Amino acid sequence: MTTMTAAVLQRHGDLDAIALQQVPVPQPGPRDVRIRVRACALNWLDVAIRHGPKFGAIPLPLIGGGDICGVIEALGSEVSGWQVGDEVLVYPLLTCGVCEFCRRGEPTICPQHRIIGEHVNGGLAEYVVVPAANLLPKPARLSFVEAAALPVVCMTAWHMLITVGQLRVGEYALILGAGGGVASIGIQIARQAGAHVFATTSSPEKAARATALGAQQVFNYREQDWVQEVLAVTGGRGVDLVQDNVGGATWAQSLRALARGGRLVPCGSHSGTTFALDITQIYHRQLRILGSNGGTYQDLAAALALVEAGHLSPVIDTVLPLSEIHQGHRLLEAGQHFGKVVIEIP
Ligand SMILES: [Zn+2]
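Using numbering that gives the first Met the number 0, the first residue of the sequence shown is number 0, and each one after it goes up by one.
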C-alpha cells in the first residue's frame, strides 16, 4: 500500500478545482499517528477554502477536511497512550503551545494557529497523519459517520456559548440559522446550560427540527421580523446572548435583539463582513461583542462528555461517498441542509 484515494484541491475556484486523485499514503512523524479515515464531515470552511482564503495563504494542492473520525493504523515512535486499532476523533487545531496566548489557555488566538484540512492535509482521503496530541476517543455510542459530524461544530458552539459567552442558567439565548451545523449543536448546548433557547431559521420544516433539538421558540426569518418577535416573547427585554455565525446580514438585528448588558458572540461571516453600526446603542445599553474563533481541545472534550452521556447528539443531513465530494459542496452552498454533510469512506 503506497498510494491512496484523496479529494485534492488543486486551485481556488469552482467545483472542478477539486479532483479525486491517487496520492502517496502519508507517513507519521515520531509524535504522529496515521488514521484510516472512516468518515469526514464537511464544513463551510471547506467551501470557503475552495473559493479562496479570507486570511493568509492556503498551501496547494491540499487535501481538505477537518472533521475526522477513523481508526489508528500506525503510530510514531514516540507516541504513547494510543494503540493501533483505537477508534478516534481528531481535534482540528494546531497551535504553537508556547506563545503568550497558548500559555494562558487561549490557543484559538495563537498567532501560529493552523487548521487540519486548511493549512495541512485533512481527512478527505483514505488516510491522514495527525499529531497524537490532537486525538480523542470516539464516543462509543456513535457510528463513525455520527462522530465525524461533531468536532468542529461542538468545539465552536461550546467556545461561543460557554467559554466565551459564559451562558448561565435562566438566561435567554438566541441561536441564528438553526439549519447550520454550529447552530444545531448550539441549540442543544444552550438548553443543557439551562438557558431559555430561541432560534431563527428559514422554513417550517427547519423550525420543526430546531424545536425537536430543544429550541423553545423558533422564528422564520423569511416571514417574520424576528427582532420584534424576540422582544415580544421576552416582554420587551431582549435576550442575554446571541450566537451569530451569519455575519454582516444579521449583526444589526442581533444587537437590537439583545437585552441591556447582553452579549453578541459572532463566529463567521458568510453573509458578508461589514454593516453600518450605530455605536450609541453599544455604550447606552452596555452591549458586549465577544469574538469567538474555533474552540479548544478542552471545549471539544467537554462537549463530547455530554455526547457520551446522551445529552448532545450529532445532527446529520446527508451521507455521501468520497466520489461525491462535489455534491457535498453543492449541498452546503445551496443552504437547504439541516445539520452536517458527512463523507463516508468505508
Ligand atoms: Zn501559540
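Virtual Cβ for every residue (Gly too), placed ideally from N, Cα, C. All values derive from a computational prediction rather than experimental measurement.
Residue i Cβ short of 7 Å to ligand 1 heavy atom set
i	result
V97	yes
C109	yes
T199	no
F54	no
F100	yes
T94	yes
P25	no
P203	no
P106	yes
Residue i classed as buried or exposed, judged by whether at least 16 other C-beta atoms fall within 10 angstroms
i	result
S79	exposed
H328	buried
A194	buried
V128	buried
H99	It is worth fixing the name first, because residue 99 is Glu in this sequence and not His. Exposed, because fewer than 16 other Cβ atoms sit within 10 Å of the Cβ of E99.
R33	buried
F54	exposed
T77	With the sequence shown as reference, residue 77 is identified as Glu, and Thr is not the correct amino acid for it. It is exposed - the Cβ of E77 has fewer than 16 other Cβ atoms within 10 Å.
M0	exposed
T367	With the chain running from 0 to 345 in the structure shown, residue 367 is simply not present.
L311	buried
V97	exposed
Q335	exposed
S253	buried
A56	exposed
R30	exposed
R102	exposed
E170	buried
Q216	buried
P203	exposed
Cβ-Cβ distance between residue i and residue j below 8 Å
i	j	result
V159	S291	The question names Val, but residue 159 is Met in the sequence shown. Cβ atoms of M159 and S291: closer than 8 Å.
V232	A256	no
A302	W157	yes
G338	I315	yes
S270	T295	no
R262	D239	yes
G69	V36	yes
A146	K137	yes
G121	G64	yes
R287	A258	no
V340	A40	yes
L166	A189	yes
Q9	L59	yes
A177	S183	yes
D224	P150	no
A251	F218	no
G180	N42	yes
L330	T317	yes
L276	V229	no
I344	L321	yes
Nearest-angstrom Cβ-Cβ length linking residue i and residue j, presumed shorter than 8 Å
i	j	result
G293	T107	5 Å
V356	L289	No answer is possible for residue 356: it lies beyond the span of the chain, which begins at 0 and ends at 345.
A349	I62	Outside the shown range of the chain (0 to 345) lies residue 349, about which nothing can therefore be said.
I342	L123	6 Å
M3	E125	4 Å
E369	V46	With the chain covering only 0 through 345, there is no way to say anything about residue 369.
I186	A206	The pair is not a contact, with the Cβ atoms about 12 Å apart (cut-off 8 Å).
F143	A38	4 Å
G260	Q227	With a Cβ gap of about 21 Å, G260 and Q227 do not count as contacting.
C-beta neighbour in chain C for residue i, strict 8 Å
i	result
P203	No chain C is part of this structure, which consists of one protein chain only.
*Determine contact between the region 190 to 206 and the region 268 to 280, defined as no fewer than three beta-carbon pairs at a distance below 8 Å.*
Taking a cut-off of 8 Å on C-beta distances, the region 190 to 206 does not touch the region 268 to 280, as fewer than three cross pairs fall below it.
*Check whether the region 78 to 95 touches the region 124 to 133, counting contact only when three or more Cβ pairs, one atom from each stretch, lie closer than 8 Å.*
They touch, by the three-pair rule.
*Are there three or more Cβ pairs, one per stretch, closer than 8 Å when the region 65 to 85 is compared with the region 9 to 20?*
Pairwise C-beta distances place the region 65 to 85 out of contact with the region 9 to 20, as fewer than three of them are shorter than 8 Å.
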